[in-house]
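Peer 1:
Number of protein chains: 2
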Amino acid sequence: MKSKYTTIIDIAKQLNISKSTVSRALTGHPNVKEHTRKAVMELASTMEYQRNSLALGFSKHTTHTVGIMVPEFMSTYFPSVIVGVQDVMQAAGYNVVICQQNESYETEVANMKLLLSYRVDGIIVSHTKETRNFDHFTLAQRRGVPLVFFNRVPDELNVPNVIVNDYEAAFQAVEHLISIGRRRIAHLAGPDALVNSRLRRQGYIDALKKHDIPYNPDLVLSYDLTTEKVKIYMKHFLDLGTPPDALFAINDPTAIAAMEVVKAKGLRIPHDIAIVGFSNDLSAGLVYPGLTTVAQPTGEIGRMAAEMLLQELNAKVKNDYSIKKAPTTQLPTKLIIRESTVAKTN
Amino acid sequence: MKSKYTTIIDIAKQLNISKSTVSRALTGHPNVKEHTRKAVMELASTMEYQRNSLALGFSKHTTHTVGIMVPEFMSTYFPSVIVGVQDVMQAAGYNVVICQQNESYETEVANMKLLLSYRVDGIIVSHTKETRNFDHFTLAQRRGVPLVFFNRVPDELNVPNVIVNDYEAAFQAVEHLISIGRRRIAHLAGPDALVNSRLRRQGYIDALKKHDIPYNPDLVLSYDLTTEKVKIYMKHFLDLGTPPDALFAINDPTAIAAMEVVKAKGLRIPHDIAIVGFSNDLSAGLVYPGLTTVAQPTGEIGRMAAEMLLQELNAKVKNDYSIKKAPTTQLPTKLIIRESTVAKTN
DNA sequence: CTGTTAGCGCATTCAT
DNA sequence: ATGAATGCGCTAACAG
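Protein chains in written order, with my numbering: chain A, 626 to 971; chain B, 626 to 971.
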């Protein structure tokens with residue numbers, strides 16, 4: 626099968642020189658006569674030569690391409706991290722391939738195999754909420770493909786990662802609720818399998834403890850991050866004999882879905898129930914009332930993850946994280962106070 | 626340089642058979658003894674054999690991978706189209722690689738070259754707002770790589786595409802504003818270079834005409850889709866001697882930014898000014914008041930675009946759109962009426 | 001400065 | 001049912 630793409634052989638034939646010379650001219654090798662180089666460049670341009678990265682990666686065992694795997698991208702969190710990653714990687718001469726898992730473990734495994742089969746040089750990952758088995762990640766490591774995790778970092782793996790202090794951020798968020806006089810604070814938590822979900826819950830618990838508010842398990846529900854469940858669980862909270870006067874939600878979509886339930890029931894936010902989310906999704910500033918939430922430096926998270934991956938890629942001797950501790954970068958969060966906790970005083 | 630990846634040669638050596646046999650076993654060729662096949666499969670599994678797609682695509686001139694290029698993904702529009710594309714393409718056995726242009730023409734050209742250099746089999750595209758030159762698209766066509774456009778489809782190119790009836794949808798949206806008694810309807814339009822921007826503006830103009838409302842150029846501004854500009858232009862509208870009593874915005878982010886300006890000025894929505902957006906972004910239902918907007922079937926757009934691309938890929942004889950008309954699919958829109966045009970009657 | 005050659009991993013055609 | 005040989009496009013080592 627003859628491809629429509631121009632090859633260096635086509636160029637070489639036309640110019641009556643060897644393909645090596647063409648290759649050298651094209652890659653900017655010093656040992657090429659200026660005249661020859663110019664001729665090659667010109668012909669390559671008119672013939673619209675398009676380098677075959679498959680052949681190149683195939684023969685060089687390196688593709689100058691990295692993958693980024695995210696569990697979903699319907700919130701603004703992951704897209705803005707991706708933009709940060711692209712910034713840094715492209716500046717460093719790498720291509721970035723984006724894979725989206727739709728929160729499906731199977732898709733995650735399939736995408737990992739896809740990236741490996743295309744021999745990407747490294748991968749930046751945030752795993753799905755379903756992921757319990759991490760063999761596909763260790764496989765990459767065994768193949769010498771460095772990984773950098775962010776946001777959802779498995780406890781089970783010793784890998785370089787970029788995180789925020791979920792525990793501390795949650796602690797502060799709940800302290801804020803306490804500071805505005807709330808005592809019956811409910812928490813809609815994420816799946817226990819997610820480390821950041823566990824950390825945020827612990828921050829919640831410890832903040833209560835610090836302020837001598839007894840921990841009430843009835844006010845905490847872990848759920849699978851689907852909107853329908855929020856409605857059910859939130860209704861359940863509101864139907865309690867003594868309903869909560871505040872809610873700390875695992876993330877902004879959860880908080881916003883909960884707000885809908887509260888408003889539908891005719892309760893006022895924050896008067897009857899104050900609400901805090903997490904991540905400062907774009908929509909947090911748009912909903913009514915504005916959602917108090919923990920801002921994460923998404924672009925910076927992406928850039929840092931990319932920097933860390935570059936470190937791995939450029940290491941003269943590959944880091945072996947089966948024998949030494951993997952580096953971690955912790956970035957600061959910031960509590961953004963809006964009207965869902967503090968009503969505007971006009 | 627020795628790769629850490631297992632190859633069919635490794636397997637062949639261990640089993641003392643030829644790599645041809647291994648290849649046949651792995652690809653499910655009929656002519657392999659059951660015993661041999663089983664041995665190969667088992668060893669491949671224990672050695673964690675990972676097929677080298679580079680080598681395969683390289684020798685077969687086909688990669689079973691398609692690209693999708695989107696101008697941005699901070700709104701929910703493009704991500705949900707992508708999910709639709711992935712649905713169909715993955716079911717058809719194709720891999721999907723996502724590229725994001727950040728609304729930059731240069732990035733678009735670079736990403737196109739990236740995809741071509743990786744020899745993707747086809748590409749689904751929505752171009753950036755900056756794109757005026759389409760050579761990178763015709764290049765793909767000349768290379769025999771089929772393209773399918775959606776949302777932003779260049780007039781200049783005869784290519785398969787999936788669209789909605791922007792003209793009709795805009796017409797209806799404006800008629801809705803007229804039906805609630807508005808006569809001074811402003812329009813924040815997008816760049817003229819975008820076909821759908823021009824169509825929406827024409828729908829706006831013709832709806833006015835139909836209802837004998839004189840077209841007032843002072844009430845129409847085309848802009849570059851950056852939030853800062855919305856603030857400036859919207860303020861300008863509101864400062865007019867007779868400010869508009871309604872706004873039809875090119876898209877939801879524009880409408881939402883405009884709402885902020887209106888609210889900051891102490892005006893009421895929809896009482897003083899009614900607002901309509903376009904695309905039914907997730908945030909349209911979250912802002913206060915809820916934004917009336919034109920819903921687009923995003924998932925279906927992605928699925929259709931993928932179906933059309935599969936048609937091209939499976940065509941026994943390549944369609945030559947320099948001599949015949951490219952197919953187009955038009956999907957229905959739906960005006961979603963919320964409180965930004967019709968206040969709730971409690 | 002340039003040409004020749006080997007080799008990357010795989011499917012495939014041609015032998016056997 | 002299996003092995004040997006070929007070619008895909010490119011870079012780099014080697015030879016001049």
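Glycine included, every Cβ here is placed at the ideal spot set by N, Cα and C.
So A/GLY769 contacts chain B; which residues on that side make the cut at Cβ distance below 9 Å?
Peer 2: For the purposes of this step, residue 769 of chain A is taken as residue 144 along the first sequence, with counting starting at 1. What A/GLY769 touches in chain B: SER628, LYS629, TYR630.
Peer 1: Is A/THR867 close to chain B, meaning its C-beta is less than 9 Å from at least one C-beta of that chain?
Peer 2: The residue labelled residue 867 of chain A in the question sits at position 242 within the first sequence. Under the Cβ distance rule, A/THR867 does not count among the residues neighbouring chain B, no pair being separated by less than 9 Å.
Peer 1: Do B/SER965 and B/THR701 have their beta-carbon atoms positioned less than 9 Å apart in this structure?
Peer 2: Position 76 of the second sequence, counted from the start, is the residue given in the question as residue 701 of chain B. Position 340 of the second sequence, counted from the start, is the residue given in the question as residue 965 of chain B. Taking 9 Å as the Cβ cut-off, B/THR701 and B/SER965 do not qualify as a contacting pair.
Peer 1: Compile a chain-ordered list of the residues in the stretch 799 to 822 of chain A whose CB is closer than 7 Å to at least one CB of chain B.
Peer 2: Going along the stretch 799 to 822 of chain A in chain order, one finds no residue with a Cβ nearer than 7 Å to chain B.
Peer 1: Considering only residues of the same chain and omitting the five flanking positions on each side of A/TYR1025, which have a CB-CB separation below 7 Å?
Peer 2: Here chain A comprises residues numbered 626 to 971, so residue 1025 of chain A is not present and cannot be evaluated.
Peer 1: Write down the C-beta distance between B/VAL721 and B/ALA951 rounded to the nearest angstrom, noting that I regard them as a contact closer than 8 Å.
Peer 2: Taking the first residue of the second sequence as position 1, residue 721 of chain B is located at position 96. Taking the first residue of the second sequence as position 1, residue 951 of chain B is located at position 326. About 22 Å; that fails the 8 Å criterion.
Peer 1: Using a 10 Å radius around the Cβ and a threshold of 16 neighbouring Cβ atoms, would you call B/ALA871 buried or exposed?
Peer 2: For the purposes of this step, residue 871 of chain B is identified with residue 246 of the second sequence, where counting begins at 1. Buried is the call here.
Peer 1: When you compare the CB of B/LEU892 with every CB in chain A, is at least one pair closer than 9 Å?
Peer 2: Along the second sequence, one-based indexing puts residue 892 of chain B at 267. Not an interface residue.
Peer 1: Report the rounded CA-to-CA distance for B/ALA637 versus B/THR631, giving the unit in angstroms.
Peer 2: Taking the first residue of the second sequence as 1, we reach residue 637 of chain B at position 12. Taking the first residue of the second sequence as 1, we reach residue 631 of chain B at position 6. So the alpha carbons of these two residues sit roughly 11 Å apart.
Peer 1: Considering only residues of the same chain and omitting the five flanking positions on each side of B/MET626, which have a CB-CB separation below 8 Å?
Peer 2: Here residue 626 of chain B corresponds to residue number 1 of the second sequence, with the count starting at 1. Caution applies to B/MET626, whose pLDDT of 45 falls short of 50 and renders its modelled position unreliable; the value that the coordinates give is listed next. Once the five neighbours on either side are set aside, B/MET626 has no close Cβ partner at all.
Peer 1: Classify A/SER847 as helix, strand or coil using the three-state DSSP reduction.
Peer 2: Here the question's residue 847 of chain A lines up with position 222 in the first sequence. Three-state result, A/SER847: strand.
Peer 1: If the cut-off is 7 Å on Cβ atoms, which residues from the stretch 848 to 866 of chain B count as contacting chain A, listed in chain order?
Peer 2: none
Peer 1: Ends of the beta strand (DSSP E) at B/THR966?
Peer 2: Within the second sequence, the letter at position 341 stands for residue 966 of chain B. Taken as a continuous stretch (DSSP letters only), B/THR966 belongs to no beta strand (DSSP E), as it is neither H nor E.
Peer 1: Hey, could you find the ends of the beta strand (DSSP E) B/PHE683 is sitting in?
Peer 2: Here residue 683 of chain B refers to the residue found at position 58 when the second sequence is read from its first residue. Unbroken run through B/PHE683 is the alpha helix (DSSP H), 678 to 685; no beta strand (DSSP E).
Peer 1: Could you work out which residues of chain B lie near A/SER742, taking near to mean beta carbons separated by less than 7 Å?
Peer 2: On the first sequence, residue 742 of chain A is found 117 positions in, with the first residue counted as 1. Chain B residues near A/SER742: GLN675, ARG676, ASN677, SER678.
Peer 1: Where does B/PHE698 sit, in a helix, a strand or coil, going by DSSP?
Peer 2: Here residue 698 of chain B refers to the residue found at position 73 of the second sequence. Here B/PHE698 sits in coil by DSSP.
Peer 1: So what does DSSP say about B/PHE903, is it helix, strand or coil?
Peer 2: Locating residue 903 of chain B in the second sequence gives position 278, counting from the first residue. Residue state, collapsed to three classes: coil.
Peer 1: Between B/THR701 and chain A, is there a C-beta pair that is closer than 9 Å?
Peer 2: As a first step, residue 701 of chain B is located in the second sequence; it is residue number 76 there, counting from the start. By this cut-off, B/THR701 is an interface position.
Peer 1: Using 9 Å as the threshold, is the C-beta distance between A/LEU916 and A/LEU892 below it?
Peer 2: By one-based count along the first sequence, residue 916 of chain A stands at place 291. By one-based count along the first sequence, residue 892 of chain A stands at place 267. Not in contact: A/LEU916 and A/LEU892 (Cβ atoms no closer than 9 Å).
Peer 1: For B/GLN1006, I'd like the list of residues in its chain whose CB is within less than 6 Å of its CB, leaving aside the five on either flank, ordered along the chain.
Peer 2: Here chain B has residues from 626 to 971 only, and residue 1006 of chain B is not among them.
Peer 1: Assuming A/VAL593 and A/VAL745 form a contact by the criterion Cβ under 8 Å, report the distance between their Cβ atoms to the nearest whole angstrom.
Peer 2: This structure does not reach residue 593 of chain A, given that chain A is present from 626 up to 971, and the question cannot be answered.
Peer 1: Cα separation between B/ASN736 and B/GLY769?
Peer 2: For the purposes of this step, residue 736 of chain B is identified with residue 111 of the second sequence, where counting begins at 1. For the purposes of this step, residue 769 of chain B is identified with residue 144 of the second sequence, where counting begins at 1. If you take the alpha carbons of B/ASN736 and B/GLY769, they lie about 17 Å apart.
Peer 1: State buried or exposed for B/PRO771, treating a residue as buried only when at least 16 other CB atoms are found within 10 Å of its CB.
Peer 2: Numbered from its first residue, the second sequence carries residue 771 of chain B at position 146. Buried.
Peer 1: Which of the residues in the stretch 913 to 944 of chain B, read from start to end, lie with their CB under 7 Å from any CB of chain A?
Peer 2: TYR913
Peer 1: A/ALA930 and A/PHE703: beta carbons closer than 9 Å?
Peer 2: One-based indexing of the first sequence puts residue 930 of chain A at position 305. One-based indexing of the first sequence puts residue 703 of chain A at position 78. For A/ALA930 and A/PHE703, no; Cβs fall outside 9 Å.
Peer 1: State the Cα-Cα distance for the pair A/ALA717 and A/VAL710, rounded to the nearest angstrom.
Peer 2: Indexing the first sequence from 1 puts residue 717 of chain A at position 92. Indexing the first sequence from 1 puts residue 710 of chain A at position 85. Going by the C-alpha atoms only, they are around 11 Å apart.
Peer 1: Start and end of the beta strand (DSSP E) containing A/ALA920?
Peer 2: As a working note, residue 920 of chain A is residue 295 in the first sequence. 918 to 920 is the extent of the beta strand (DSSP E) around A/ALA920.
Peer 1: For the alpha helix (DSSP H) containing A/ASN821, list its first residue and its last residue.
Peer 2: Reading the first sequence from its first residue, position 196 is the one you call residue 821 of chain A. A/ASN821 -> alpha helix (DSSP H) spans 820 to 835.
Peer 1: Could I get the ranges of all uninterrupted beta strand (DSSP E) runs contained in the stretch 717 to 802 of chain A, with 3 residues as the minimum, in chain order?
Peer 2: 720 to 725, 747 to 750, 772 to 775, 786 to 789
Peer 1: Measure the Cβ-Cβ separation of A/MET672 and A/GLN715 and say whether it is below 9 Å.
Peer 2: Against the first sequence, residue 672 of chain A aligns to sequence position 47. Against the first sequence, residue 715 of chain A aligns to sequence position 90. Not closer than 9 Å, so no.
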